[in-house]
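Structure first, then comments.
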Amino acid sequence: MNDIRTRSVHTGVAKDSSFNSVITPIYPTSTFYFDALGKNKGYDYTRSGNPTRAALEENIASLEGGIGCSVTATGMAAITGTLFLLQPGDHVVTGDDIYGGSYRLFAQVFAKIGVEFSFVNMRDLNAVKKAIRKQTKMIWIETPSNPLLNIIDLKSNIEIAQEKKCLSVVDNTFLSPYFQRPFEFGADLVIHSTTKYINGHSDVVGGAIVYRDQALRDRIRFLVNALGLSQAPFDAWLVLRGVKTLAQRMEAHQENAMAVAKFLESHPRVKKVYYPGLKSHPQQSLIKKQMKGFGGMLAFELDTSKVELNKFFKSLKFFSLAESLGGVESLIEHPWSMSHASMGEKALLASGMTKETIRVSLGIEGSEDLIQDLENALKG
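Per this note's numbering, residue 10 is the first one in the sequence shown, and the count goes up by one each step.
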């Protein structure tokens, strides 16, 4: 199966030889009995392994092109498990405009147990090189960035990591494997919040760690089991259901994002629009080189001298004021006070965000309805 649309539907499915179920069964059991000492059917305890979860792991690994995958209870659990590859005294280079939850985990949790972090403008390769130390063990890449849609050069940053013998980790949540495949550029690990596009229905939280080699597979699987990070069987089944329509949803998200981005860019009460599909995005050559599409996320700067922020949000009918992204329904949020608030004002300003920055996750509704909804709200 070469087509990602076919793999999304069929990988990890044909597991039921007893009744020929056309969908993967749910195995909600917490434990599995042994036929004899040292002899079982491949599973012993659901935290360590479960057939439903294994089916989802097979599917996501296939989509990303890794040798395997560990799915976790949340996206943050996936990030946490990956950071446990490090030890006190190790150093990580990452972006200054990453997801607020990642920033919080790095700066307020792992930094307190001795892991050091440098938050730099990763579009500047010299800044990345300058930040690397003898103790640097990992380069953490998020592209496009959240929420300003900055594009980080995968090939160049991964080459820096390889030269310095660091692990390269790519958070691929915003684009999904449908629009971007970091392993093609040499990444060691790919991270997802499957809560977002891979599941796509805003009804479950989850994460995934996909690995490129056996050594990383063995270590990550050990950590996920030892730390108790694995995803529950029913949640895994929901994500496996959602991923079947990944390709079709991503195309619909992108179509709506492009239409809305063009509308916002021409609106007199919008100062700036951030979307990779617009010709105004300053990184067109890099976008063409490493992305197969533009995705369904955008951000914009609202002119709050003309439109009051709260009134704008309250006027919306089809956009829910909510955190998260990647679902079939359109969501809108205020990063400064919501998803990225834990970064603190200094880090927010350094990243390029302002109190006028608004992040939008375009769903799969009709684009004309979404545009009309925004038009009404922008009247103030």
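Note that beta-carbon positions come from the ideal geometry of N, C-alpha and C, so glycine has one too. Quick caveat: nothing in here was measured; it's all calculated off a predicted structure.
If I measure Cβ to Cβ from residue 225 and keep anything under 7 angstroms in the same chain, skipping five residues before and after, which residues do I get? 197 and 198
If we count the other Cβ atoms within 10 Å of its Cβ and call it buried at 16 or more, is residue 145 buried or exposed? buried
As a quick exercise: from 201, 314, 269 and 283, pick the residue whose alpha carbon is nearest that of residue 87. 201
Should residue 296 and residue 160 be called a contact, given that it needs their Cβ atoms to be closer than 9 angstroms? Contact flag set, yes.
On the DSSP bridge assignment, give the partners of residue 103 in chain order. 128 and 149
If I follow the unbroken alpha helix (DSSP H) through residue 250, where does it start and stop? 242-252
For residue 381, the nearest candidate out of 308, 272 and 204 (CA to CA): Distances from the CA of residue 381 to each of 308, 272 and 204 were compared; the closest alpha carbon is that of 272.
Is it true that the segment 61-73 meets the segment 14-24, where meeting means three or more beta-carbon pairs spaced less than 8 angstroms apart? yes
Could you pull out every residue in the same chain whose Cβ sits closer than 6 angstroms to the Cβ of residue 125, ignoring the five residues on either side in sequence? 100
I'd like to know if the segment 233-247 and the segment 108-121 are in contact, where contact means that at least 3 CB-CB pairs between them fall below 8 angstroms. no
Count the other C-beta atoms from every protein chain shown that fall within 10 angstroms of the C-beta of residue 377, then say buried if there are 16 or more, exposed otherwise. exposed
Residue 236 - containing alpha helix (DSSP H), residue span: 223-236
Between the CA atoms of residue 121 and residue 152 - distance to the nearest angstrom: 26 angstroms
Terminal residues of the beta strand (DSSP E) in which residue 98 lies: Segment: none, residue 98 is in no beta strand (DSSP E) and carries neither H nor E.
Cβ distance (whole Å) where residue 334 is taken to contact residue 325 below 8 angstroms: With a contact defined as Cβ atoms closer than 8 angstroms, residue 334 and residue 325 miss out at about 16 angstroms.
Could you name the residues of the same chain whose beta carbon sits closer than 6 angstroms to that of residue 156, not counting the 5 residues immediately before and after it, in chain order? 308, 344 and 368
In whole angstroms, give me the CA-to-CA distance for residue 192 and residue 352. 29 angstroms
Give the DSSP-derived three-state secondary structure of residue 54 in the structure shown. Strand, per DSSP.
From residue 215 to residue 178, what distance separates their C-alpha atoms? 18 angstroms
To the nearest angstrom, how far is the alpha carbon of residue 285 from that of residue 131? 17 angstroms
Across which residues does DSSP place residue 281 in a beta bridge pair? 310
Taking Cβ positions only, does residue 298 come closer than 9 angstroms to chain D? Going by chain labels, chain D is absent from the structure shown, which holds only one protein chain.
Taking its Cβ as the centre, do 16 or more other Cβ atoms sit within 10 Å of residue 258, making it buried, or is it exposed? By the Cβ neighbour-count rule, residue 258 is buried, with 16 or more other Cβ atoms within 10 Å of its own.
Assuming residue 387 and residue 327 are in contact, meaning their beta carbons sit under 8 angstroms apart, how far apart are those beta carbons, in whole angstroms? Contact flag wrong, Cβ pair sits at about 14 angstroms.
Uninterrupted beta strand (DSSP E) stretches inside the segment 134-200 (no shorter than 3 residues): 145-151 and 176-180
Compute the beta-carbon to beta-carbon distance between residue 182 and residue 84, rounded to the nearest angstrom, for a pair I have assumed lies under 8 angstroms. 7 angstroms
Limits of the alpha helix (DSSP H) - the one that residue 110 falls within: 109-117
Compare the Cα-Cα distances from residue 139 to each of 78, 170, 116 and 366 and report the closest residue. Just measuring C-alpha positions, the residue of 78, 170, 116 and 366 sitting nearest residue 139 is 170.
The alpha helix (DSSP H) with residue 91 in it runs from where to where? 84-92
Over the uninterrupted alpha helix (DSSP H) stretch that includes residue 65, give me the two end residues. 60-73
Since residue 79 is in the beta strand (DSSP E), which residue starts that stretch and which ends it? 77-81
According to DSSP, residue 42 sits in a beta bridge with which residue or residues? Paired residue(s): none; residue 42 is not in a bridge.
According to DSSP, is residue 260 helix, strand or coil? helix
Given a cut-off of 9 angstroms, decide if residue 389 and residue 320 are closer than it, judged by their beta-carbon atoms. Contact: yes.
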